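To start, the structure under review is shown below, and the notes come after it.
Protein chains in written order, with my numbering: chain A, 26 to 660; chain B, 187 to 516.
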C-alpha cells in the first residue's frame, strides 16, 4: 500500500530511458480533429506541443482510435467531484492503477531529504498549458504563495496549520517543497485528489487578480462586481476542482480535456474538448486523449439521469445512479441500452458506523459511552445478517469498522470481533457496564432512565433509515430504549462541537485508505464524531472545547504524529499497525456490514476501461484508471 | 382609477420592503451559515481547514455581523446598484445566475397559466350549462384525478412512459444542440417539443380547481332573473351565457390571478427538479439547503415581486371585467 520512493524513481528513469531510445522510432500522431488547425497555422505541429519526454501510458487493453463524445451527467450544477474524477486527475504525481504505488506524472522524478522535510521535484521538460504557455516551477510557487495568503483559500494542504510549506524554485523545471516539520504523508496527498491544488494555477493568467502582482487588482474586482480581490480571484481563477473553476474557459489547464461550454450557474450542459497540448502519449506515440469530447448533462433529477442511462444516453457513469436500489433495473436493461456493468470495490469498510459520543456533556452518559462493555453489548445485540438480507439483498458480511480484506492492514480479529448476534453476551456486557434492567429497558445504576437518541441524515444515504429502523427494533428487543432523530446535515455538524448528542452515524470511511483517513481508528479529525473533543485537543482546532484524551487515545495520537513525520514507508506501516492494535483493543466505533461491491455502467463500445476499479474519494475513480486512454471502438 | 393605482403602487413598495425583511430573516433562521456547510463538506472529504482561514472567509462574507447590518448591506446593494450580492456556492454575483433561470420560469409558468385557462374555461362553462350530463361527469372525474395526483408523480409517470413508449427522455427544456443557441423558429419548435410535458403537468392540477369554481359560480348565476330576462328578449343562447353570467362568474377567478404566479412557481419546484427544468425552482431549493443566503434571498424577493405584480394585474382586470366595481369613487 505504501509507496516506495526508490521504486518510483527507478520507474521514472526507466521511462525516460525508454523515451530516449524509442522517441525517434515512435510515429507520433495526433487526433484528426486537430489536423486542420495545424495546417492553418492556428496550432503548432505536434512535436512543438509535446514535452521533450511525454508521459508514455500503456493502454489497459489495446491502442485506441481517435474520436467520439463521452456522455455522462452531473447532479445539479455543483457536482465538481465528477469532473475531478473524469477530467482533472493530473497532479505532480499519481497513483498507479492498483493504488499501491505513486508514479510520475507532471513531475518526472522526485527526491526526499533525509529529514523528510524537503521534497525536490523535477518537472517534465517542455510542458505546456492548454493555451500553449510553458508550465514551470514558477506556476507551482505562485500557487503556494497565493494559497498561503491568510485571507485566501481554505482547506488545502498548503494551509495545513500543523505543518506549513514554502517553495524553493531551483530552475524552470526543478523546485522543492520545504516543510516546517518532517512530512511523511505529503506524497500521498499529492497523488490524491488533494494534489490538484498546486498545479491548477497559471501564474501569467492568475496573477492579474492578485494585488501583489497587479496594483489595480482591488479596483478591477470592484469594477467586476466583487467586494474583494479574493472573491474575484475565486471566481476567475479558483483552485483544485472547485466548481467555479469550470465556468471560466480562459483559465489555463493541464488536463486532457479543456472547457468548451462552461459550467455556469444556469447551464444545463457542460462540455469539454481535447487539450491539443496534452502531454501524454500511448505506447505507440499517439497523443492522448483518444476521445474528442466530454458532454455532461447538468441535471437536478436523478430520475432523469437514471432514465438516460437506461436509454443508452450515458457512455460511462457510476456516480449518483449506481445505487443498490437501481442495480436490478440496470442489470435488466443492459441489452436494450447497449451497455455493460463493471465492478467498483468501495474504499469504505462499513455500510454504517455507529458512534457513541464519548465526550458527552452529560457526565453519566459520557462515562457510559466510554465504557467498552457497553459498546460490546450494543454490538452483540445487532442481528447483522438480518440487516444484510433485508436492506442489501444479501450482499456483504457482518463487519466492524476496520480495514477491508483487500487492505494490507486487514486484521480478521478486528473486523469480526463482537459481530455475532448474542443477546446473552449483550446482557452480561450491559451488567458489566453497570446498567440495571427495570421492566423492559435498562436504566443507569441509580435508576435514571436511559433513552439513547441516534442522529441520522436520511437525505445522504436512503438505506440508513431502513438500517436504523431495523437496528432500533433489535436494540429495543435487547432492552435499550432507542430514539431515532432524522435531521439536516448542517445541524448534524453544528451539534458536534456542542457535545450534546448521544450517537451519530456515518459510513465507514478509511477501509482502504487506512492511513489517510483514520477517523474511526483513533480521534484523528473532525469526522471522529465519537471523540470530537479529543480530536480538537489533538488538532488544535476549537481550543474552547478541547479536552485531554484518555491514555490509549493519546498514545495513538503520539504514534500518528510520528507516522506523519516518518519518511520510510515501512516504518509508517509499522506505526499504523500499532495504532490499529490499540484501536482494536478499545473498540471505539460499532460497524454493521462490509459493503457489497458497487458497479459502473459503460457502453459496450467503450474500451480500455478496467473491469474492476477501486473506488474512493482520495483515489478519484475512474481518474487513476486513465480516462484519457479510453476510446470508442469503431465496429 | 389613477388614484387607485398610485395608492396601490405605494402599498406595493411597502409590502416588498416587508417581504425582503422577512425573507432575509427566515433564510438566516437555521443554525449555522454557508461556511459551516462548506467546512463540513471539506472536513468530510478529508481536508483540514485552518481556523484562521475560516475566520478570514467569515469576515469576507460578512457573517457574524448583527442581522440589521447584514440586511442593510444587502438591501442597499440591491436598491443602490442592483447588486443582489454574491452566491457563496457559485462564487459569482447572484445577478449572473438568476435572470436566465427566472426567464425560463416565467415562460414555462406563463404557458401553464394559458394552457390552464384555455382548457378550464370552455369545460367549466360546458359542465355548468350541461349539469349532470355524461360530459359533466367525465370532466369532473378527469379534473379530480388531475387535482389528486401529485405533480411530481405525474412528471415521473410522464418521463417513464415516454421512455417506455417512445424511447426518449423528456427532461429539460431544449435538445442539446439548441441549449445555447439564439432564439429562432427551430429553437421555438424544439422548446415546444420539450415544454409540453411540464406545461401539462403544471396545468392539470390548476385546471380541475378552475373548472369546479367556474361551474359553481356559473350555476348560481344561471338561475338569476337577469339571465331569464336576456333569454326572454330573444338573445341567442351562447350570447346570453357568455355576455353576462360568465363574466360575473369569472370575478373570483380573476381576483386570485395574483396568487397564481407565485403558486405556480412554488408548486413547480419539485416538478422542475424531477423534469430537470432550468428554472428558478431547483436553484432556490439548492440555495436553501446549502444556506446560500443571498441567492435564496434574491429568488424569494423576486417571487414576492411576482405576487405583488400579479395582485395588481388581477385588480385591474377585475375593474375592467366587472363594471359594478368602481375603485376610489365614493
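All C-beta atoms, glycine included, are put in the ideal place defined by N, C-alpha and C.
Here the structure is a predicted model, which means the values were calculated and not measured.
- For residue 334 of chain B, the closest alpha carbon among the candidates B:345, B:253, B:347 and B:393 is that of B:393.
- For residue 175 of chain A, the C-beta contacts it makes with chain B under 8 Å involve 238, 239 and 242, in order along the chain.
- Excluding five sequence positions before and after residue 287 of chain A, the CB atoms of its chain that fall closer than 7 Å to its own CB belong to 271, 272, 273, 274 and 295, given in chain order.
- When C-beta distances to chain A are compared with 7 Å, the residues of the region 364-391 of chain B below that value are 365 and 366, in chain order.
- Around the beta-carbon of residue 211 of chain B, fewer than 16 other beta-carbon atoms lie within 10 Å, marking it exposed.
- When the beta-carbon positions are compared, residue 199 of chain A and residue 158 of chain A stay at least 8 Å from each other.
- When the Cα atoms are used, residue 389 of chain B and residue 291 of chain B turn out to be separated by approximately 14 Å.
- Taking a beta-carbon distance threshold of 8 Å, residue 349 of chain B counts as an interface residue toward chain A.
- Boundaries of the alpha helix (DSSP H) around residue 237 of chain B: 237-247.
- Pairwise C-beta distances place the region 622-636 of chain A out of contact with the region 428-438 of chain A, as fewer than three of them are shorter than 8 Å.
- Residue nearest to residue 148 of chain A within the set A:130, A:155 and A:611 is A:130 (criterion: CA-CA distance).
- Scanning chain B for C-beta atoms nearer than 7 Å to the C-beta of residue 259 of chain A yields 277, reported in chain order.
- The beta-carbon separation of residue 415 of chain A and residue 378 of chain A, rounded to 19 Å, does not stay under the 8 Å limit for a contact.
- The way I'd put it, the region 478-491 of chain A does touch the region 507-518 of chain A; three or more beta-carbon pairs between them come closer than 8 Å.
- Nearest C-alpha to residue 423 of chain A among A:253, A:615, A:382 and A:338: A:615.
- Under the 8 Å Cβ criterion, the region 118-127 of chain A counts as touching the region 643-654 of chain A, having at least three qualifying pairs.
- Look at residue 575 of chain A here: in three-state DSSP terms it is coil, with no helix or strand label.
- If you check the CB distance, residue 654 of chain A and residue 89 of chain A come in under 8 Å.
- Distance check between residue 432 of chain A and each of A:372, A:606 and A:254 places A:372 closest, using alpha-carbon atoms only.
- For the options A:266, A:181 and A:150, the alpha carbon positioned closest to that of residue 109 of chain A is the one of A:266.
- Nearest to residue 612 of chain A by alpha-carbon distance, out of A:470, A:556, A:648 and A:312, is A:556.
- With its beta carbon less than 8 Å from one in chain B, residue 519 of chain A belongs to the interface.
- With contacts defined by Cβ atoms closer than 8 Å, residue 482 of chain B and residue 474 of chain B form a contacting pair.
- With respect to chain B, the C-beta atom of residue 324 of chain A has a partner C-beta closer than 8 Å.
- With a threshold of 16 other beta carbon atoms within 10 Å, residue 317 of chain B falls short and is exposed.
- Checking the DSSP bridge columns, you'll see residue 626 of chain A partnered with A:342 and A:366.
- Across the structure, residue 476 of chain A and residue 215 of chain B are spaced so that their CA atoms are roughly 29 Å apart.
- The Cβ of residue 262 of chain B sits no closer than 8 Å to any Cβ of chain A.
- With fewer than 16 other beta carbons inside 10 angstroms of its own, residue 471 of chain A counts as exposed.
- A Cβ of chain A is located within less than 8 Å of the beta carbon of residue 287 of chain B.
- If you check each beta-carbon in the region 423-444 of chain A against every beta-carbon of chain B, none falls closer than 7 Å.
- Boundaries of the alpha helix (DSSP H) harbouring residue 401 of chain B: 371-408, taken from the DSSP string.
- Residue contact with chain B for residue 179 of chain A: present (Cβ-Cβ distance below 8 Å to some residue of chain B).
- At least one beta carbon of chain A lies nearer than 8 Å to the beta carbon of residue 462 of chain B.
- Taking a C-beta cut-off of 8 Å against chain A, the contacting residues of the region 206-219 of chain B are 216, 217 and 218, listed in chain order.
- Spanning the alpha carbons of residue 262 of chain A and residue 232 of chain A requires a straight line of approximately 9 Å.
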